[in-house]
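First comes the structure, then the notes that go with it.
Residue numbers (the UniProt record's numbering): 1 to 561.
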(Lines of atoms letter the chains of each structure in order from A and count residues from 1; the text may use other names and numbers.)
(Lines give C-alpha, C1' and ligand atoms only; values in the text may rest on other atoms or scores of the structure.)
Protein backbone atom coordinates (compact mmCIF):
# COMPACT_ATOMS: atom_id res chain seq x y z
CA UNK A 1 0.00 0.00 0.00
CA UNK A 2 1.27 3.46 -0.92
CA UNK A 3 1.99 5.84 1.93
CA UNK A 4 0.96 9.49 1.79
CA UNK A 5 2.34 12.21 4.03
CA UNK A 6 -0.34 14.54 5.34
CA UNK A 7 -0.25 17.62 7.56
CA UNK A 8 -2.57 19.63 9.79
CA UNK A 9 -1.64 23.23 10.59
CA UNK A 10 -2.76 25.25 13.59
CA UNK A 11 -2.50 29.00 14.01
CA UNK A 12 -4.64 32.04 14.73
CA UNK A 13 -5.98 34.15 11.86
CA UNK A 14 -6.17 37.89 12.38
CA UNK A 15 -8.42 40.51 10.76
CA UNK A 16 -6.31 40.99 7.58
CA UNK A 17 -7.09 38.36 4.88
CA UNK A 18 -3.93 39.07 2.87
CA UNK A 19 -1.77 38.71 5.97
CA UNK A 20 -3.62 35.48 6.71
CA UNK A 21 -2.91 34.27 3.17
CA UNK A 22 0.79 34.72 3.84
CA UNK A 23 0.38 32.96 7.19
CA UNK A 24 -1.32 29.99 5.49
CA UNK A 25 1.32 29.94 2.77
CA UNK A 26 4.08 29.67 5.34
CA UNK A 27 2.56 26.55 6.87
CA UNK A 28 1.80 24.98 3.49
CA UNK A 29 5.37 25.61 2.30
CA UNK A 30 6.77 24.15 5.51
CA UNK A 31 4.58 21.05 5.22
CA UNK A 32 5.39 20.61 1.53
CA UNK A 33 9.11 20.92 2.25
CA UNK A 34 8.69 18.01 4.66
CA UNK A 35 7.01 15.92 1.97
CA UNK A 36 3.33 16.49 2.72
CA UNK A 37 0.97 15.98 -0.20
CA UNK A 38 -2.15 17.07 1.68
CA UNK A 39 -2.28 20.06 4.01
CA UNK A 40 -5.40 20.82 6.06
CA UNK A 41 -5.79 24.38 7.38
CA UNK A 42 -8.22 25.58 10.09
CA UNK A 43 -11.75 26.90 9.66
CA UNK A 44 -12.06 30.61 8.74
CA UNK A 45 -8.37 30.71 7.86
CA UNK A 46 -9.24 33.77 5.82
CA UNK A 47 -10.20 36.07 8.69
CA UNK A 48 -10.90 36.47 12.39
CA UNK A 49 -14.64 36.67 13.00
CA UNK A 50 -15.21 39.91 14.86
CA UNK A 51 -18.46 40.80 13.10
CA UNK A 52 -21.43 42.47 14.73
CA UNK A 53 -23.99 41.63 12.04
CA UNK A 54 -24.70 39.34 9.10
CA UNK A 55 -24.16 42.27 6.76
CA UNK A 56 -20.70 42.92 8.16
CA UNK A 57 -19.94 39.20 7.94
CA UNK A 58 -20.90 39.26 4.25
CA UNK A 59 -18.77 42.33 3.60
CA UNK A 60 -15.62 40.71 4.99
CA UNK A 61 -16.11 37.18 3.67
CA UNK A 62 -14.59 35.67 0.53
CA UNK A 63 -15.55 34.73 -3.00
CA UNK A 64 -14.13 31.62 -4.64
CA UNK A 65 -12.47 33.83 -7.24
CA UNK A 66 -11.22 36.33 -4.67
CA UNK A 67 -7.65 37.04 -3.64
CA UNK A 68 -7.51 34.65 -0.68
CA UNK A 69 -8.71 31.50 -2.46
CA UNK A 70 -6.88 32.42 -5.65
CA UNK A 71 -3.65 32.84 -3.72
CA UNK A 72 -3.98 29.36 -2.22
CA UNK A 73 -4.81 27.90 -5.62
CA UNK A 74 -1.63 29.36 -7.06
CA UNK A 75 0.34 28.03 -4.10
CA UNK A 76 -1.10 24.52 -4.48
CA UNK A 77 -0.13 24.49 -8.17
CA UNK A 78 3.35 25.80 -7.40
CA UNK A 79 4.02 23.15 -4.75
CA UNK A 80 1.96 20.29 -6.24
CA UNK A 81 -0.02 19.70 -3.03
CA UNK A 82 -3.65 19.29 -2.04
CA UNK A 83 -4.99 21.95 0.32
CA UNK A 84 -8.19 21.73 2.35
CA UNK A 85 -8.93 25.10 3.90
CA UNK A 86 -11.77 26.62 5.89
CA UNK A 87 -13.04 29.84 4.30
CA UNK A 88 -16.09 31.95 5.09
CA UNK A 89 -17.77 32.21 1.68
CA UNK A 90 -20.32 34.68 0.40
CA UNK A 91 -23.61 33.39 -0.92
CA UNK A 92 -25.39 34.73 -3.97
CA UNK A 93 -26.59 37.84 -2.19
CA UNK A 94 -26.13 39.72 1.08
CA UNK A 95 -26.28 38.77 3.88
CA UNK A 96 -25.95 35.05 3.09
CA UNK A 97 -22.57 33.62 4.10
CA UNK A 98 -21.58 29.97 4.36
CA UNK A 99 -18.77 28.45 6.36
CA UNK A 100 -16.90 26.63 3.63
CA UNK A 101 -14.26 23.96 3.25
CA UNK A 102 -12.47 24.37 -0.07
CA UNK A 103 -10.48 21.46 -1.46
CA UNK A 104 -7.79 22.56 -3.91
CA UNK A 105 -5.96 20.05 -6.09
CA UNK A 106 -2.21 19.98 -6.87
CA UNK A 107 -2.93 21.63 -10.24
CA UNK A 108 -4.55 24.61 -8.50
CA UNK A 109 -8.08 23.71 -9.48
CA UNK A 110 -10.93 23.68 -6.95
CA UNK A 111 -11.82 20.01 -6.50
CA UNK A 112 -14.83 20.62 -4.29
CA UNK A 113 -16.53 22.85 -1.74
CA UNK A 114 -18.47 21.80 1.35
CA UNK A 115 -20.72 24.20 3.21
CA UNK A 116 -20.80 23.44 6.92
CA UNK A 117 -24.07 21.72 7.79
CA UNK A 118 -24.00 21.95 11.59
CA UNK A 119 -22.96 25.32 12.97
CA UNK A 120 -21.53 25.98 16.40
CA UNK A 121 -23.80 28.12 18.54
CA UNK A 122 -23.04 31.83 17.75
CA UNK A 123 -22.41 30.89 14.11
CA UNK A 124 -26.17 30.59 13.62
CA UNK A 125 -26.39 34.37 14.16
CA UNK A 126 -23.98 35.09 11.27
CA UNK A 127 -24.06 32.18 8.82
CA UNK A 128 -26.46 29.94 6.91
CA UNK A 129 -26.09 26.16 7.29
CA UNK A 130 -25.32 24.25 4.12
CA UNK A 131 -27.84 21.70 2.85
CA UNK A 132 -26.19 20.30 -0.27
CA UNK A 133 -25.76 16.52 -0.62
CA UNK A 134 -22.56 15.03 0.72
CA UNK A 135 -19.71 14.33 -1.67
CA UNK A 136 -16.54 12.27 -1.55
CA UNK A 137 -13.71 13.33 -3.85
CA UNK A 138 -11.64 10.65 -5.57
CA UNK A 139 -8.09 12.03 -5.80
CA UNK A 140 -4.64 10.65 -6.54
CA UNK A 141 -3.92 10.40 -2.81
CA UNK A 142 -7.21 8.77 -1.82
CA UNK A 143 -10.92 9.42 -1.41
CA UNK A 144 -11.39 12.62 0.58
CA UNK A 145 -14.39 13.83 2.57
CA UNK A 146 -14.75 17.40 3.83
CA UNK A 147 -16.22 18.53 7.12
CA UNK A 148 -15.89 21.49 9.45
CA UNK A 149 -15.71 21.42 13.24
CA UNK A 150 -19.33 21.12 14.49
CA UNK A 151 -20.10 18.82 11.54
CA UNK A 152 -18.12 16.31 13.59
CA UNK A 153 -19.56 16.87 17.05
CA UNK A 154 -22.58 14.95 15.83
CA UNK A 155 -22.25 11.61 14.00
CA UNK A 156 -24.21 12.25 10.83
CA UNK A 157 -21.80 13.98 8.45
CA UNK A 158 -18.78 11.74 9.17
CA UNK A 159 -21.03 8.66 8.95
CA UNK A 160 -22.44 9.72 5.60
CA UNK A 161 -18.95 10.38 4.23
CA UNK A 162 -17.71 7.06 5.55
CA UNK A 163 -20.59 5.15 3.98
CA UNK A 164 -19.86 6.91 0.69
CA UNK A 165 -16.34 5.50 0.74
CA UNK A 166 -14.22 8.31 2.20
CA UNK A 167 -10.81 7.13 3.30
CA UNK A 168 -9.60 10.46 4.70
CA UNK A 169 -11.66 13.06 6.55
CA UNK A 170 -10.28 16.59 6.11
CA UNK A 171 -11.58 18.53 9.09
CA UNK A 172 -11.05 22.29 9.44
CA UNK A 173 -11.91 23.47 12.95
CA UNK A 174 -12.31 26.68 14.90
CA UNK A 175 -12.95 25.13 18.30
CA UNK A 176 -12.59 26.38 21.84
CA UNK A 177 -13.81 23.12 23.35
CA UNK A 178 -11.60 20.36 24.79
CA UNK A 179 -13.97 17.73 23.43
CA UNK A 180 -12.77 17.96 19.82
CA UNK A 181 -9.28 16.70 20.62
CA UNK A 182 -10.34 14.11 23.19
CA UNK A 183 -13.64 12.81 21.87
CA UNK A 184 -15.06 13.93 18.51
CA UNK A 185 -12.05 13.66 16.21
CA UNK A 186 -10.77 10.27 17.43
CA UNK A 187 -14.25 8.73 17.63
CA UNK A 188 -15.23 9.71 14.07
CA UNK A 189 -12.13 7.81 12.95
CA UNK A 190 -12.83 4.76 15.10
CA UNK A 191 -16.54 4.32 14.45
CA UNK A 192 -16.06 4.73 10.67
CA UNK A 193 -12.53 3.25 10.41
CA UNK A 194 -11.18 6.23 8.44
CA UNK A 195 -8.15 8.50 8.62
CA UNK A 196 -8.82 11.92 10.13
CA UNK A 197 -6.71 15.01 9.52
CA UNK A 198 -7.97 17.75 11.81
CA UNK A 199 -6.60 21.31 11.88
CA UNK A 200 -7.74 23.69 14.60
CA UNK A 201 -7.18 27.32 15.53
CA UNK A 202 -4.99 27.91 18.59
CA UNK A 203 -4.59 30.74 21.07
CA UNK A 204 -6.26 34.04 20.29
CA UNK A 205 -6.62 37.43 21.96
CA UNK A 206 -5.25 37.65 25.48
CA UNK A 207 -7.76 37.39 28.36
CA UNK A 208 -10.38 35.64 26.22
CA UNK A 209 -11.30 31.95 26.18
CA UNK A 210 -8.60 30.47 23.93
CA UNK A 211 -9.01 28.35 20.86
CA UNK A 212 -7.94 24.87 21.91
CA UNK A 213 -5.50 23.75 19.21
CA UNK A 214 -5.05 20.00 19.36
CA UNK A 215 -4.62 19.62 15.61
CA UNK A 216 -4.01 15.93 15.02
CA UNK A 217 -3.85 13.02 12.62
CA UNK A 218 -5.79 9.93 13.66
CA UNK A 219 -5.60 6.41 12.21
CA UNK A 220 -8.72 4.30 11.56
CA UNK A 221 -8.18 2.41 14.82
CA UNK A 222 -8.00 5.64 16.82
CA UNK A 223 -4.22 5.79 17.15
CA UNK A 224 -3.03 9.39 17.36
CA UNK A 225 -0.15 9.51 14.87
CA UNK A 226 0.71 13.17 15.37
CA UNK A 227 -0.58 16.22 17.17
CA UNK A 228 0.47 19.83 17.44
CA UNK A 229 -0.37 20.28 21.11
CA UNK A 230 -2.99 22.57 22.60
CA UNK A 231 -0.96 25.69 23.30
CA UNK A 232 1.16 26.92 20.41
CA UNK A 233 1.00 27.26 16.60
CA UNK A 234 2.54 24.40 14.68
CA UNK A 235 2.20 21.45 12.34
CA UNK A 236 1.17 17.85 12.84
CA UNK A 237 2.66 15.62 10.14
CA UNK A 238 2.34 11.88 9.62
CA UNK A 239 2.52 9.19 6.97
CA UNK A 240 -0.74 7.36 6.34
CA UNK A 241 -1.89 4.49 4.12
CA UNK A 242 -5.31 5.54 2.75
CA UNK A 243 -6.25 2.03 1.57
CA UNK A 244 -6.20 0.75 5.16
CA UNK A 245 -9.48 2.64 5.61
CA UNK A 246 -11.15 0.13 3.29
CA UNK A 247 -10.75 -2.52 6.01
CA UNK A 248 -13.64 -1.86 8.40
CA UNK A 249 -12.70 -4.49 10.97
CA UNK A 250 -12.66 -3.48 14.65
CA UNK A 251 -11.07 -5.88 17.09
CA UNK A 252 -13.64 -7.55 19.32
CA UNK A 253 -16.51 -6.35 17.14
CA UNK A 254 -16.11 -7.30 13.49
CA UNK A 255 -16.84 -5.20 10.40
CA UNK A 256 -18.28 -1.92 11.72
CA UNK A 257 -20.20 -1.28 8.52
CA UNK A 258 -21.40 -4.85 7.97
CA UNK A 259 -22.83 -5.06 11.50
CA UNK A 260 -24.98 -1.98 10.96
CA UNK A 261 -28.77 -2.55 10.82
CA UNK A 262 -30.10 -0.13 8.19
CA UNK A 263 -33.53 -1.72 8.57
CA UNK A 264 -33.74 -0.24 12.08
CA UNK A 265 -32.70 3.34 11.28
CA UNK A 266 -35.75 4.56 9.37
CA UNK A 267 -36.65 7.19 11.99
CA UNK A 268 -33.40 9.00 11.16
CA UNK A 269 -34.71 9.80 7.67
CA UNK A 270 -38.14 11.03 8.77
CA UNK A 271 -38.80 14.80 8.69
CA UNK A 272 -37.62 16.61 11.79
CA UNK A 273 -41.13 17.50 12.93
CA UNK A 274 -42.48 13.94 12.54
CA UNK A 275 -40.38 12.13 15.14
CA UNK A 276 -41.12 11.63 18.85
CA UNK A 277 -38.19 13.84 19.89
CA UNK A 278 -39.69 16.83 18.06
CA UNK A 279 -41.45 17.84 21.26
CA UNK A 280 -38.06 17.84 23.03
CA UNK A 281 -36.23 20.21 20.66
CA UNK A 282 -34.82 23.41 22.06
CA UNK A 283 -34.64 24.31 25.74
CA UNK A 284 -36.85 22.56 28.24
CA UNK A 285 -40.09 24.50 28.82
CA UNK A 286 -39.72 27.03 31.61
CA UNK A 287 -42.63 25.47 33.47
CA UNK A 288 -41.30 21.89 33.22
CA UNK A 289 -40.55 20.76 36.78
CA UNK A 290 -37.55 18.72 37.79
CA UNK A 291 -38.08 14.98 37.31
CA UNK A 292 -35.58 13.30 39.60
CA UNK A 293 -34.81 9.63 39.05
CA UNK A 294 -32.43 8.02 41.58
CA UNK A 295 -30.44 5.42 39.62
CA UNK A 296 -28.22 2.75 41.18
CA UNK A 297 -25.29 1.21 39.30
CA UNK A 298 -25.13 -2.34 40.66
CA UNK A 299 -21.53 -3.23 39.89
CA UNK A 300 -21.53 -6.95 40.57
CA UNK A 301 -20.84 -9.84 38.18
CA UNK A 302 -19.71 -13.46 38.15
CA UNK A 303 -17.31 -14.36 40.93
CA UNK A 304 -16.52 -17.76 42.53
CA UNK A 305 -19.75 -19.45 41.35
CA UNK A 306 -23.20 -18.68 40.01
CA UNK A 307 -25.08 -18.87 43.30
CA UNK A 308 -22.60 -16.58 45.00
CA UNK A 309 -23.03 -14.07 42.18
CA UNK A 310 -26.83 -14.17 42.24
CA UNK A 311 -26.94 -13.70 45.99
CA UNK A 312 -24.63 -10.69 45.69
CA UNK A 313 -26.94 -9.19 43.04
CA UNK A 314 -30.04 -9.75 45.16
CA UNK A 315 -28.25 -8.08 48.04
CA UNK A 316 -27.43 -5.13 45.79
CA UNK A 317 -31.08 -4.80 44.74
CA UNK A 318 -32.20 -4.84 48.38
CA UNK A 319 -29.60 -2.27 49.39
CA UNK A 320 -30.46 0.02 46.46
CA UNK A 321 -34.11 -0.05 47.46
CA UNK A 322 -33.26 0.87 51.04
CA UNK A 323 -31.18 3.78 49.76
CA UNK A 324 -34.12 5.18 47.82
CA UNK A 325 -33.14 4.15 44.29
CA UNK A 326 -35.96 3.87 41.77
CA UNK A 327 -33.98 2.13 39.00
CA UNK A 328 -31.11 -0.32 39.25
CA UNK A 329 -28.90 -1.55 36.40
CA UNK A 330 -26.74 -4.71 36.35
CA UNK A 331 -23.78 -5.42 34.02
CA UNK A 332 -23.71 -7.36 30.76
CA UNK A 333 -24.69 -11.04 31.31
CA UNK A 334 -23.73 -10.46 34.95
CA UNK A 335 -24.43 -13.96 36.28
CA UNK A 336 -22.44 -15.84 33.62
CA UNK A 337 -18.73 -16.41 33.26
CA UNK A 338 -17.14 -14.84 30.17
CA UNK A 339 -17.80 -17.14 27.22
CA UNK A 340 -20.37 -19.24 29.12
CA UNK A 341 -23.30 -18.24 26.89
CA UNK A 342 -21.43 -19.25 23.74
CA UNK A 343 -20.28 -22.54 25.28
CA UNK A 344 -23.79 -23.71 26.20
CA UNK A 345 -26.56 -21.23 25.35
CA UNK A 346 -29.34 -23.61 26.38
CA UNK A 347 -27.95 -23.99 29.87
CA UNK A 348 -27.30 -20.22 30.05
CA UNK A 349 -30.91 -19.52 29.04
CA UNK A 350 -32.30 -21.92 31.65
CA UNK A 351 -30.13 -20.36 34.32
CA UNK A 352 -31.15 -16.88 33.20
CA UNK A 353 -34.84 -17.76 33.45
CA UNK A 354 -34.40 -18.81 37.07
CA UNK A 355 -32.28 -15.75 37.90
CA UNK A 356 -34.89 -13.46 36.38
CA UNK A 357 -37.58 -14.93 38.63
CA UNK A 358 -35.44 -14.44 41.73
CA UNK A 359 -34.63 -10.87 40.75
CA UNK A 360 -38.31 -10.16 40.13
CA UNK A 361 -39.08 -11.18 43.69
CA UNK A 362 -36.24 -9.01 44.94
CA UNK A 363 -37.56 -6.02 42.97
CA UNK A 364 -41.04 -6.43 44.43
CA UNK A 365 -39.60 -6.54 47.94
CA UNK A 366 -37.26 -3.57 47.37
CA UNK A 367 -39.80 -1.53 45.37
CA UNK A 368 -37.15 -1.06 42.69
CA UNK A 369 -37.19 -1.08 38.90
CA UNK A 370 -34.36 -3.18 37.44
CA UNK A 371 -32.67 -3.54 34.05
CA UNK A 372 -30.86 -6.87 33.75
CA UNK A 373 -29.12 -8.45 30.74
CA UNK A 374 -29.56 -12.23 30.50
CA UNK A 375 -29.77 -15.00 27.90
CA UNK A 376 -33.29 -15.51 26.56
CA UNK A 377 -34.57 -18.60 24.71
CA UNK A 378 -37.49 -18.27 22.32
CA UNK A 379 -38.56 -20.61 19.54
CA UNK A 380 -35.26 -22.48 19.47
CA UNK A 381 -33.26 -19.23 19.22
CA UNK A 382 -31.19 -17.45 21.82
CA UNK A 383 -30.94 -13.72 22.45
CA UNK A 384 -28.88 -11.39 24.58
CA UNK A 385 -31.78 -9.56 26.19
CA UNK A 386 -32.23 -6.70 28.62
CA UNK A 387 -35.30 -7.34 30.75
CA UNK A 388 -36.92 -4.35 32.45
CA UNK A 389 -38.70 -5.28 35.67
CA UNK A 390 -40.94 -2.81 37.47
CA UNK A 391 -41.19 -2.27 41.21
CA UNK A 392 -43.74 -5.07 41.55
CA UNK A 393 -41.44 -7.55 39.81
CA UNK A 394 -43.49 -7.54 36.60
CA UNK A 395 -41.71 -7.74 33.24
CA UNK A 396 -42.67 -4.55 31.39
CA UNK A 397 -40.18 -4.42 28.50
CA UNK A 398 -37.44 -6.39 26.81
CA UNK A 399 -34.68 -5.40 24.40
CA UNK A 400 -32.94 -8.06 22.34
CA UNK A 401 -29.47 -7.01 21.28
CA UNK A 402 -29.67 -5.94 17.65
CA UNK A 403 -26.00 -5.46 16.71
CA UNK A 404 -24.04 -8.63 17.33
CA UNK A 405 -20.26 -8.89 17.55
CA UNK A 406 -18.39 -11.79 16.01
CA UNK A 407 -18.39 -13.47 19.43
CA UNK A 408 -22.14 -12.93 19.86
CA UNK A 409 -22.89 -14.53 16.51
CA UNK A 410 -21.52 -17.83 17.77
CA UNK A 411 -24.70 -18.29 19.81
CA UNK A 412 -27.11 -15.37 19.60
CA UNK A 413 -29.80 -14.23 17.18
CA UNK A 414 -30.09 -10.48 16.58
CA UNK A 415 -33.17 -8.66 17.83
CA UNK A 416 -35.49 -6.85 15.46
CA UNK A 417 -36.19 -3.52 17.12
CA UNK A 418 -34.57 -0.50 18.75
CA UNK A 419 -37.27 0.56 21.16
CA UNK A 420 -37.94 3.00 23.97
CA UNK A 421 -39.94 1.91 27.01
CA UNK A 422 -42.40 4.60 28.06
CA UNK A 423 -42.70 3.98 31.80
CA UNK A 424 -43.92 5.82 34.90
CA UNK A 425 -40.29 6.52 35.81
CA UNK A 426 -39.29 7.89 32.38
CA UNK A 427 -38.70 6.99 28.74
CA UNK A 428 -35.89 4.44 28.74
CA UNK A 429 -33.81 3.19 25.80
CA UNK A 430 -31.42 0.26 25.82
CA UNK A 431 -28.15 -0.85 24.28
CA UNK A 432 -25.74 -3.63 25.22
CA UNK A 433 -21.97 -3.83 25.32
CA UNK A 434 -20.18 -2.95 22.08
CA UNK A 435 -23.32 -1.33 20.64
CA UNK A 436 -21.86 1.85 22.13
CA UNK A 437 -19.66 1.95 18.99
CA UNK A 438 -22.71 2.20 16.69
CA UNK A 439 -23.70 5.89 16.51
CA UNK A 440 -27.08 5.01 15.01
CA UNK A 441 -28.17 3.10 18.12
CA UNK A 442 -28.14 5.99 20.57
CA UNK A 443 -29.17 8.38 17.79
CA UNK A 444 -32.29 6.34 17.00
CA UNK A 445 -33.17 5.98 20.69
CA UNK A 446 -32.77 9.73 21.21
CA UNK A 447 -34.87 10.60 18.16
CA UNK A 448 -37.46 8.14 19.49
CA UNK A 449 -37.64 10.26 22.64
CA UNK A 450 -35.45 8.41 25.17
CA UNK A 451 -34.65 10.40 28.30
CA UNK A 452 -32.28 7.78 29.65
CA UNK A 453 -30.28 5.03 27.93
CA UNK A 454 -29.42 1.94 29.97
CA UNK A 455 -26.19 0.23 28.92
CA UNK A 456 -25.14 -3.09 30.51
CA UNK A 457 -21.58 -3.60 29.31
CA UNK A 458 -18.16 -5.12 29.78
CA UNK A 459 -15.67 -2.46 28.67
CA UNK A 460 -13.13 -3.83 26.22
CA UNK A 461 -11.03 -0.67 25.83
CA UNK A 462 -10.71 2.66 27.67
CA UNK A 463 -11.92 4.40 24.50
CA UNK A 464 -15.26 2.61 24.72
CA UNK A 465 -15.88 4.35 28.03
CA UNK A 466 -14.08 7.67 27.83
CA UNK A 467 -14.65 8.42 24.14
CA UNK A 468 -17.62 6.49 22.69
CA UNK A 469 -19.94 6.50 25.71
CA UNK A 470 -19.16 10.13 26.52
CA UNK A 471 -19.94 11.10 22.92
CA UNK A 472 -23.31 9.35 22.91
CA UNK A 473 -24.52 11.73 25.59
CA UNK A 474 -22.91 14.83 24.12
CA UNK A 475 -24.22 14.32 20.59
CA UNK A 476 -27.77 13.49 21.75
CA UNK A 477 -28.13 15.29 25.12
CA UNK A 478 -29.48 12.17 26.84
CA UNK A 479 -28.41 10.50 30.09
CA UNK A 480 -26.35 7.33 29.61
CA UNK A 481 -25.94 4.73 32.38
CA UNK A 482 -23.19 2.20 31.63
CA UNK A 483 -22.65 -0.60 34.17
CA UNK A 484 -19.67 -2.88 33.62
CA UNK A 485 -18.60 -6.33 34.70
CA UNK A 486 -15.99 -6.63 37.43
CA UNK A 487 -13.82 -8.68 35.06
CA UNK A 488 -14.12 -6.37 32.06
CA UNK A 489 -11.05 -6.55 29.78
CA UNK A 490 -10.36 -2.81 30.09
CA UNK A 491 -10.13 -2.92 33.89
CA UNK A 492 -12.51 0.03 34.30
CA UNK A 493 -15.44 0.87 36.51
CA UNK A 494 -18.99 1.84 35.62
CA UNK A 495 -20.01 5.28 34.36
CA UNK A 496 -22.91 7.69 34.22
CA UNK A 497 -22.76 10.56 31.74
CA UNK A 498 -25.30 13.31 32.39
CA UNK A 499 -27.15 15.20 29.69
CA UNK A 500 -26.56 18.48 31.58
CA UNK A 501 -29.19 21.21 31.39
CA UNK A 502 -27.68 24.14 29.47
CA UNK A 503 -27.38 27.22 31.63
CA UNK A 504 -26.58 30.68 30.21
CA UNK A 505 -23.13 31.78 31.21
CA UNK A 506 -21.58 28.32 31.24
CA UNK A 507 -17.90 28.25 30.29
CA UNK A 508 -17.41 26.73 26.84
CA UNK A 509 -15.66 23.63 28.18
CA UNK A 510 -18.57 22.94 30.55
CA UNK A 511 -21.30 23.50 27.99
CA UNK A 512 -19.63 21.11 25.53
CA UNK A 513 -18.25 18.32 27.72
CA UNK A 514 -20.96 16.39 29.64
CA UNK A 515 -20.46 15.58 33.30
CA UNK A 516 -19.31 12.07 34.17
CA UNK A 517 -19.47 9.95 37.32
CA UNK A 518 -17.54 6.72 37.89
CA UNK A 519 -17.18 3.76 40.19
CA UNK A 520 -13.89 2.13 41.05
CA UNK A 521 -12.95 -0.91 38.97
CA UNK A 522 -12.67 -4.58 39.76
CA UNK A 523 -14.81 -5.05 42.85
CA UNK A 524 -18.41 -4.94 43.96
CA UNK A 525 -19.61 -1.38 44.38
CA UNK A 526 -22.84 0.59 44.14
CA UNK A 527 -23.14 4.15 42.90
CA UNK A 528 -26.44 5.94 43.55
CA UNK A 529 -27.00 9.13 41.57
CA UNK A 530 -30.10 11.25 41.14
CA UNK A 531 -30.58 12.07 37.47
CA UNK A 532 -33.00 14.81 36.47
CA UNK A 533 -34.90 13.70 33.37
CA UNK A 534 -35.72 17.34 32.72
CA UNK A 535 -32.12 17.70 31.54
CA UNK A 536 -32.72 15.23 28.70
CA UNK A 537 -35.62 17.45 27.59
CA UNK A 538 -33.24 20.38 27.17
CA UNK A 539 -31.52 19.64 23.86
CA UNK A 540 -29.49 22.84 23.75
CA UNK A 541 -25.72 22.54 23.65
CA UNK A 542 -25.46 26.32 23.80
CA UNK A 543 -27.62 29.34 23.07
CA UNK A 544 -28.40 28.31 19.48
CA UNK A 545 -27.26 24.72 18.81
CA UNK A 546 -29.66 21.79 19.25
CA UNK A 547 -27.87 18.64 17.99
CA UNK A 548 -31.14 16.83 17.25
CA UNK A 549 -33.07 19.68 15.63
CA UNK A 550 -30.16 20.58 13.33
CA UNK A 551 -30.08 17.16 11.64
CA UNK A 552 -30.73 16.92 7.88
CA UNK A 553 -32.88 13.78 7.44
CA UNK A 554 -33.31 14.40 3.71
CA UNK A 555 -29.58 13.71 3.28
CA UNK A 556 -29.43 10.48 5.27
CA UNK A 557 -30.62 8.03 2.66
CA UNK A 558 -27.35 6.12 2.90
CA UNK A 559 -28.12 5.35 6.55
CA UNK A 560 -31.03 3.11 5.59
CA UNK A 561 -29.70 1.74 2.30
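A virtual CB, placed ideally from N, CA and C, is assigned to each residue, including glycine.
Give me the Cβ distance between residue i and residue j, rounded to the nearest whole Å; I'm assuming they're in contact under 8 Å.
i, j, result
"residue 269", "residue 556", "5 Å"
"residue 260", "residue 440", "7 Å"
"residue 213", "residue 513", "Going by Cβ atoms, the distance from residue 213 to residue 513 rounds to 16 Å, so no, they are not a contact pair."
"residue 107", "residue 77", "6 Å"
"residue 552", "residue 115", "Not really, about 12 Å apart at Cβ, beyond 8 Å."
"residue 434", "residue 252", "7 Å"
"residue 395", "residue 325", "Actually they are not in contact, since the Cβ atoms of residue 395 and residue 325 sit about 19 Å apart, beyond 8 Å."
"residue 538", "residue 283", "5 Å"
"residue 372", "residue 384", "12 Å between Cβ atoms; not a contact."
"residue 426", "residue 293", "6 Å"
"residue 402", "residue 393", "With 8 Å as the limit, residue 402 and residue 393 do not qualify as a contact, their Cβ atoms being about 26 Å apart."
"residue 236", "residue 217", "5 Å"
"residue 159", "residue 533", "At roughly 28 Å, the Cβ-Cβ gap does not stay under 8 Å, so residue 159 and residue 533 are not in contact."
"residue 328", "residue 317", "6 Å"
"residue 359", "residue 314", "7 Å"
Going by other Cβ atoms of all chains shown within 10 Å of its Cβ, with 16 needed for buried, is residue i buried or exposed?
i, result
"residue 334", "buried"
"residue 243", "exposed"
"residue 88", "buried"
"residue 649", "With the chain running from 1 to 561 in the structure shown, residue 649 is simply not present."
"residue 631", "The question about residue 631 has no answer here: the residues shown for the chain are numbered 1 through 561."
"residue 223", "exposed"
"residue 119", "buried"
"residue 288", "exposed"
"residue 464", "buried"
"residue 476", "buried"
"residue 15", "exposed"
"residue 265", "buried"
"residue 49", "buried"
"residue 493", "buried"
"residue 308", "exposed"
"residue 11", "buried"
"residue 27", "buried"
"residue 305", "exposed"
"residue 387", "buried"
"residue 341", "buried"
"residue 254", "buried"
"residue 209", "exposed"
"residue 47", "buried"
"residue 279", "exposed"
"residue 257", "exposed"
"residue 22", "exposed"
"residue 105", "buried"
Kindly identify the DSSP beta-bridge partner or partners of residue i.
i, result
"residue 378", "381"
"residue 172", "148 and 199"
"residue 22", "In DSSP, residue 22 forms no bridge with anything."
"residue 386", "373 and 399"
"residue 294", "530"
"residue 82", "38"
"residue 211", "203"
"residue 7", "39 and 237"
"residue 177", "None, per the DSSP bridge assignment."
"residue 62", "89"
"residue 305", "303"
"residue 541", "In the DSSP output, where bridge partners are listed per residue, residue 541 has none listed."
"residue 254", "250"
"residue 484", "457"
"residue 100", "87 and 115"
"residue 218", "196 and 224"
"residue 479", "452"
"residue 554", "Per DSSP, none; premise fails for residue 554."
"residue 495", "482 and 518"
Taking 6 Å as the cut-off, is the CB of residue i close to at least one heavy atom of the ligand FAD?
i, result
"residue 475", "The model on display carries no ligand, and the ligand FAD is accordingly not part of it."
Restricting to runs no shorter than 4 residues, where is the alpha helix (DSSP H) found entirely within the region 417 to 460?
439 to 447
In chain order, what are the residue ranges of uninterrupted alpha helix (DSSP H) at least 4 long that sit wholly in the region 317 to 350?
340 to 343
Suppose only complete runs of 4+ residues qualify. What are the alpha helix (DSSP H) ranges in the region 104 to 164, listed by chain order?
156 to 163
Could you give the uninterrupted runs of the beta strand (DSSP E) lying entirely in the region 260 to 290, keeping only those of 3 residues or more?
none
Given 8 Å as the limit, is there contact between the region 7 to 15 and the region 189 to 208, that is, 3 or more CB pairs closer than that?
yes
I'd like the ranges of any beta strand (DSSP E) spanning at least 3 consecutive residues and lying wholly in the region 221 to 247.
224 to 227 and 234 to 240
Do the region 536 to 543 and the region 486 to 504 make contact, defined as three or more Cβ pairs closer than 8 Å?
yes
Cβ pair count under 8 Å reaching 3, the region 445 to 453 against the region 167 to 185
no
Taking 8 Å as the threshold, find out whether the region 291 to 298 comes into contact with the region 480 to 490 through three or more Cβ pairs.
yes
For the region 497 to 529, list the alpha helix (DSSP H) runs that are entirely contained and at least 4 residues long, ordered along the chain.
508 to 512
State whether the region 81 to 95 contacts the region 35 to 50, with contact taken as three or more CB pairs (one from each stretch) at a distance under 8 Å.
yes
Is the region 513 to 525 touching the region 411 to 425 in the sense that three or more CB pairs, one from each, lie closer than 8 Å?
no
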